[in-house]
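What follows is a short report on a single structure.
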Amino acid sequence: MGEKTLSTRRSLFDRYKDIFFIVLGILSYSVGYTAFILPERVVMGGASGIAALIYYATNIQTWISLLILNCTFLLIALKALNLQFVVRTVTGVGILLFFVGILQPFFAANPIITAGKDTFMHVLIGGAMCGAGLGLVFSHNGSTGGTDILTVLLNKYFNMSFGRAMQFVDCTIICSSYLLFNSTEKIVYGVAFTLVATICCDYVINGARQTVQFLIISKKYQEIADSINTDVRRGVTLVEGKGWYSKAEVDMLVVLTRKYESQEVLRVIKAIDPNAVVSQTFCHGVFGEGFEPLK
63 MGEKTLSTRR SLFDRYKDIF FIVLGILSYS VGYTAFILPE RVVMGGASGI
113 AALIYYATNI QTWISLLILN CTFLLIALKA LNLQFVVRTV TGVGILLFFV
163 GILQPFFAAN PIITAGKDTF MHVLIGGAMC GAGLGLVFSH NGSTGGTDIL
213 TVLLNKYFNM SFGRAMQFVD CTIICSSYLL FNSTEKIVYG VAFTLVATIC
263 CDYVINGARQ TVQFLIISKK YQEIADSINT DVRRGVTLVE GKGWYSKAEV
313 DMLVVLTRKY ESQEVLRVIK AIDPNAVVSQ TFCHGVFGEG FEPLK
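Everything in the sequence shown is counted per our numbering, starting at 63 for the first residue and increasing by one.
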């Protein structure tokens, strides 16, 4: 009974944590979009890029266009999407519309930048904020809808990879800004925004999941394993082997930890056996209990 209660509490904690970071990520995206990108009249990819184009051409607030676009995309793709994706998308879009609807008129009345001055710097800042925000959303199983829906459709019906489908949609939107502004400079800014946003998004996602693997050879392996279990609260696997040169039996510990826990593991090893042989490598991804769930 106690284990079930603890499991339920952890599940609720994880759910609330996901909600918190999804809201924080969408807030970061909304600030970057409304405070830095829209004043500079830059077009990026995604539904936000289409909404920006409509805003530049007609002065219709972007939240209205985002609402219409997302409703349209969802209706078109409803049969191709699973219920969980639809729920996540509707929730994410609702939060995005709320923030954009408030922040766009706020920053229009209280600008924090001077449009047309240091445009490239503003594009970099906006791209970093939007990319980091999306990284937080995606790493906590959220969605902001938009052309993510089109990407799913292209992948399903045209056998196009998600990455290639996203590039195709984004490039089409960015290049279409030439029809409105007749300026290649705007296209360059849009590409720069996309590159920065992608790099920051990947950095946040991979940073949240980055894992370190330790291979530890020491005569005091039992003490080290016990300390890692109790102090770092990470599992340890014992591998029995043989040193080829000495032909002696060797016991090796295998430990997987988050990157931020690696210094604690090294501290434990050094305190118990400063002469231990330690190999530390970064893992692209680790899935399972204690790490990321398999998807």
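Every residue gets a Cβ at the ideal spot worked out from N, C-alpha and C, and that includes glycine.
Check: Inter-stretch contact (C-beta, 8 Å, three-pair minimum) for the segment 262-278 and the segment 331-342; Outcome: yes
Check: Which listed residue (Arg320, Val327, Ala171) has its alpha carbon closest to that of Phe349; Outcome: Arg320
Check: Candidates Val316, Asn291, Asn132, Gly94: closest to Gly303 by CA position; Outcome: Val316
Check: Between the CA atoms of Gly208 and Val155 - distance to the nearest angstrom; Outcome: 8 Å
Check: Ser205 in three-state terms, based on DSSP; Outcome: coil
Check: Per-residue DSSP class, three states only, for Met191; Outcome: helix
Check: Reduced DSSP secondary structure (H/G/I, E/B, other) of Met183; Outcome: helix
Check: Integer-rounded CB distance, given that Leu89 should sit under 8 Å from Leu129; Outcome: Rounded, the Cβ-Cβ distance is 18 Å, inconsistent with contact.
Check: Candidates Ile334, Ser308, Ala97, of which the one nearest Ala170 by Cα; Outcome: Ala97
Check: Rounded Cβ spacing between Val148 and Leu136 (contact assumed at less than 8 Å); Outcome: 7 Å
Check: Lys332 - DSSP class collapsed to helix/strand/coil; Outcome: helix
Check: Identified DSSP bridge partners for Lys304; Outcome: Glu311
Check: Same chain, Cβ closer than 6 Å to Ser127, neighbours up to 5 away in sequence not counted; Outcome: Ala113, Ile116
Check: Cys192 classed as buried or exposed, judged by whether at least 16 other C-beta atoms fall within 10 angstroms; Outcome: buried
Check: Expected contact under 8 Å - CB spacing of Thr256 and Ile236 to nearest Å; Outcome: 7 Å
Check: CA nearest to the CA of Leu196, picked from Ile99, Lys179, Ala259, Ala119; Outcome: Ala259
Check: Counted within 10 angstroms of its Cβ, other Cβ atoms place Arg150 as buried (16 or more) or exposed; Outcome: buried
Check: Gln325, DSSP secondary structure in three states; Outcome: helix
Check: Contacting residues, own chain, Cβ-Cβ under 6 Å from Tyr78 (five flanking each side not counted); Outcome: none
Check: Three-way DSSP call (helix, strand, coil) for Val348 in this model; Outcome: coil
Check: Cβ pair Gln272, Phe200 closer than 8 Å; Outcome: no
Check: CA-to-CA distance, Gly189 to Phe75, given in whole angstroms; Outcome: 31 Å
Check: Proximity to Gln146 [Cα-Cα], best of Cys133, Gly94, Ser205, Pro173; Outcome: Ser205
Check: Beta carbon of Val231 nearer than 8 Å to that of Gly107; Outcome: yes
Check: Assigned exposure category for Ala310 - 16 Cβ within 10 Å defines buried; Outcome: exposed
Check: Extent of the continuous alpha helix (DSSP H) to which Ile112 belongs; Outcome: 108-120
Check: Sub-8 Å separation of Ser324 and Val253 beta-carbons; Outcome: no
Check: Integer-rounded CB distance, given that His202 should sit under 8 Å from Ile84; Outcome: 5 Å
Check: For Ile278, three-class secondary structure by DSSP; Outcome: strand
Check: Buried versus exposed, by CB contacts within 10 Å (16 or more), Pro101; Outcome: buried
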